[in-house]
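Data block below; observations after.
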Amino acid sequence: MSITIKTDAEIKKMRIAGKLAAEVLEFIAPYVVPGVTTNKLNQLCHDYIIDVQNAIPAPLNYHNFPKSICTSVNYTICHGIPNEKKLKKGDIINIDITVIKDEYHGDTSKMFYVGEVTPYAKRLCVITQECLMLGIEQVKPGCTLGDIGYAIQKHAESNRYSVVQEFCGHGIGKKFHEEPQVLHYGKPGEGATLKAGMIITIEPMINIGKRHMKVLKDGWTAITKDRSLSAQWEHTILVTPTGYEVLTLRQEEI
Ligand code: MF3
Ligand code: CO
Ligand code: CO
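Residue numbers (the working numbering): 15 to 268.
As C-alpha cells, this is what we get:
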C-alpha cells in the first residue's frame, strides 16, 4: 500500500494535464443543448483533445471502454457510454473528461443542465457540487481520507440524499487510477493520511433516492437501482504544504 509523492517536475505536468481537462469542459458547454446526441458531444471532445490540445482522451479503449468521454444522463450514476440518443430539455448530464498530456492524467467532471431543468434536479446538482467542495476543503497534510468522506456524506445525508459506495475517487498521475481509493463516505480520522505532493481525485456521486446501483449489460453504464436522479462532480487535487490546489479549476470557478 503506497501513495506516491509527486516530484516538482511531475506536478508541473499534472498542472498542464489538469488545465487541459478543465478546458475541454469549458469547450463543450455551449454544445450541451436539447437535440444534441451524446455521440456528437463525444466526437467534438475527441477532436478537440486530439487536434487542438495534442493530447489523448484517456477513456478510449481503457479496459475496453469504447468512447473518449463518459456521458451520464439523469438516473445514470457514472460511466455512461455516448450514443445516438438526443438530449432533451430538462435532462441533467454529467460529462467526465480525462486527458493524458506528456504521459500524465487530468480528470474532471461536472453537471450540465439541458435547457431548463426542474428545481428538484437543480438542487441535486448544486448540493452535489457543494459535497465536492466540502471534501476538497478538508485536504491538507495530516488530513485523513475519512475526513474527506465524512464531510461529503454528512452534507449529502443532511439533505436527505444518498452517497453511492461502489465507486470512489483515486490517486492519479502516470496512471489513470492509482492508490489510494478515495471513498465519499467515512469517519473522521480513519483511513490513510495525506502528505504534501500527493495527487487525488474527489468525485462524489449522489442520488436523490437510495444509494444502490446496478451496471447495465454493456458492462459500463451504472444506474440507480430505483431510477432516481444521480449527480456527480469531480476535480483533481494536489496536496500542498498548506492545503490544496485544484488542478482542474475552470474559469467560472475563479
Ligand atoms: N473518469 C472516470 C473517473 O473519474 C473513469 C472513467 S473510466 C472509463 O475515474 F473507462 F469509463 F472511461
Ligand atoms: Co476520476
Ligand atoms: Co473522471
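Just so you know, even glycine gets a beta-carbon here, dropped at the ideal spot from N, CA and C. All values reported here derive from a predicted model rather than from experimental measurement.
Please name the residue in E37, G257, K81 whose C-alpha comes closest to that of Q67.
E37
For H184, which option in L252, K103, V140, I109 has the closest C-alpha, if you only look at C-alpha atoms?
L252
Could you check the C-alpha separation between Y134 and H93 for me, to the nearest Å?
23 Å
Confirm the yes/no value for this check: CB of H191, any heavy atom of ligand 2, distance under 8 Å.
Result yes, Cβ under 8 Å from ligand 2.
Inter-residue Cα distance where the pair is R241 and S123
21 Å
Can you list, in chain order, the residues of its chain with a C-beta nearer than 7 Å to that of C139? Leave out the 5 residues immediately preceding and following it.
I106, M125, A245
D61 beta carbon near ligand 2 (any heavy atom closer than 8 Å)
no
D161, buried or exposed, once every other Cβ within 10 Å from all chains shown has been counted against 16:
buried
Local Cβ density within 10 Å of Y175, reported as buried at 16 or more and exposed below that
Looking at its Cβ environment, which holds 16 or more other Cβ atoms inside 10 Å, Y175 is buried.
T158 - partner residues in DSSP beta bridges:
T207
V260 versus I213, E171, G223, residue with shortest Cα-Cα distance:
I213
Nearest CA to the CA of S86: which residue from L101, A210, I222, N75?
Answer by Cα proximity: L101.
May I ask you to check if the CB of H93 is nearer than 8 Å to at least one heavy atom of ligand 2?
no
Please report the residue range of the beta strand (DSSP E) in which I141 lies.
First-last for I141: 133-151, but that is the alpha helix (DSSP H), not the beta strand (DSSP E).
Taking the continuous alpha helix (DSSP H) assigned at G32, which residues delimit it?
Where G32 is concerned, the enclosing alpha helix (DSSP H) starts and stops at 22-42.
For A236, tell me which candidate among T142, C84, H119, E192 has the shortest Cα-Cα distance.
C84
Pairing CB atoms from the stretch 59-74 with CB atoms from the stretch 223-232, are three or more of them under 8 Å?
no
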